[in-house]
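The next block holds one structure in the form of structure tokens; read it before the comments.
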Amino acid sequence: MDLKKLSNLQQQLAKQVIIPNEDHRFKSNDLIFSLDIQYKNNIAFVGLDIQTYAGEIIGTYVEKTSVDMEYIPQFFCFREGPPLLEIIQLVQKKLNLNPDLLIVDGHGIAHPRRFGVACWLGVHTNLPVIGCAKRSLLPYQGNLAEKRSSSLPVFLKQEIVGKVLRTQDNVKPVFVSVGNKINLNTAINIILQLSPKYRICEPLRRADHMARVYAKN
DNA sequence: GCGACAG
DNA sequence: ATCTTGTCGC
């Protein structure tokens, strides 16, 4: 694996990421596609949950695909990006439903080269994408308050590229960053809104659960 | 040089 | 991510 080449590719593609200054105003019927992957040997089970912005659950689906690259930290997008894109296009065609926002398990620009898997999906779909990860790739400083909705900035050099966000009182935080066509403030508000009860937001939990069930049969 | 490192 | 026992809590 030529990591030098992939590293250059990430830096090139990172230039295509668009981050607006204005908050995004979603409509009640806008569709949110949320994705997560479970692995069984070299087979990926991709879960895709569809709900409206208002909260109506449309359904959760799973597709089985092969995965052709190993997991390498910082190069995660090249492993998970293609399977994710595949199921999005498949479900889109099959159900004739078009997403207005994607939420993915992983980072957006909170990445050493500003190009996590959420960015990869962003430049390949031209859609708004939010990355929501369970661990950070970049350092942050300070003590995060224990109350829900507390947050601290995550820096790359001097720039804020993401936030550590507590989605529940006294529960480990998640790491939110944008992948494309949405700003951090909007992303944080949406993740909080979608996390009324648990650490991980509801649509990602459904996608994870569905993929997990299928991976065991 | 060594270790750490999203899923 | 996955491999694992018991255990705590709703």
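Under this note's numbering, the first sequence has 128 at position 138, and the numbering climbs by one with no breaks.
We put the beta carbon where it would ideally sit given N, CA and C, even for glycine.
- Collapsing the DSSP output to three states places lysine -5 in a helix.
- One thing to note: threonine 42 has its Cβ within 8 Å of the Cβ of aspartate 20.
- The shortest CA-to-CA distance from proline 143 to any of Gln183, Glu70, Ser24, Ala100 is the one to Ala100.
- Between the alpha carbons of leucine 25 and glycine 132 lies a distance of about 31 Å.
- Closest in alpha carbon position to cysteine 122, among Ile180, His199, Ser56, is Ile180.
- If you draw a straight line from the Cα of alanine 205 to the Cα of isoleucine 78, it comes to about 19 Å.
- Listed in chain order, the beta strand (DSSP E) runs fully inside the stretch 94 to 128 are 119 to 123, counting runs of at least 3 residues.
- Scanning its chain for C-beta atoms nearer than 6 Å, with the 5 sequence neighbours on each side dropped, one finds around serine 185 the residues Thr157, Cys191, in chain order.
- Ranked by Cα distance from valine 107, the options Asn170, Lys137, Gly37 are led by Asn170.
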